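Residue numbers (this note's numbering): 3 to 129.
For each residue, glycine too, the CB sits at the ideal point set by N, CA and C.
Fair warning: this is a prediction, and the values are worked out from it, not measured in the lab.
Pasting the structure below:
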């Protein structure tokens, strides 16, 4: 069985969120309409979707807006130090400063317009 997955976040900040992921990470648009946007990473290996809450075309299961807690995204990048400098230059508040972990990750974190934690990481082999 082949499975492709993308996460979906229900948000009233659809335009702001779309702009954030385009400007900060150069995400592209896979599909978009007036209440939904499906975005992809620059290499098109992963996607994420955002949708307006309470849209009448959607089942009530997909009506409530995300409350800003309990979700994080990890973005693996080739050079976390460059990504860190870019985020600082964009004046995005950093929640976890750039640091090395004993298991080999070098990372930092901040939040998107919806309060989603974004962990930007480069993995290094632990010797």
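query: Leaving out five residues on either side along the sequence, give the residues of the same chain with a beta carbon under 6 angstroms from the beta carbon of residue 30.; result: 42
query: Leaving aside the five residues before and after residue 65 along the sequence, list all residues of the same chain whose C-beta is less than 7 angstroms from its C-beta, in chain order.; result: 55, 56
query: What residue range does the beta strand (DSSP E) around residue 123 cover?; result: 119-125
query: In three-state DSSP terms, what is residue 54?; result: coil
query: What distance in whole Å lies between the Cβ atoms of residue 49 and residue 8, which are believed to be in contact at a cut-off of 8 angstroms?; result: 4 angstroms
query: Per DSSP, what are the beta-bridge partners of residue 76 in this structure?; result: 121
query: Since residue 27 is in the alpha helix (DSSP H), which residue starts that stretch and which ends it?; result: 16-27
query: Taking the beta strand (DSSP E) that residue 99 falls in, what are its first and last residues?; result: 96-102
query: Report all residues from its chain with a CB closer than 7 angstroms to the CB of residue 98; omit the five preceding and five following residues, and keep chain order.; result: 110, 111
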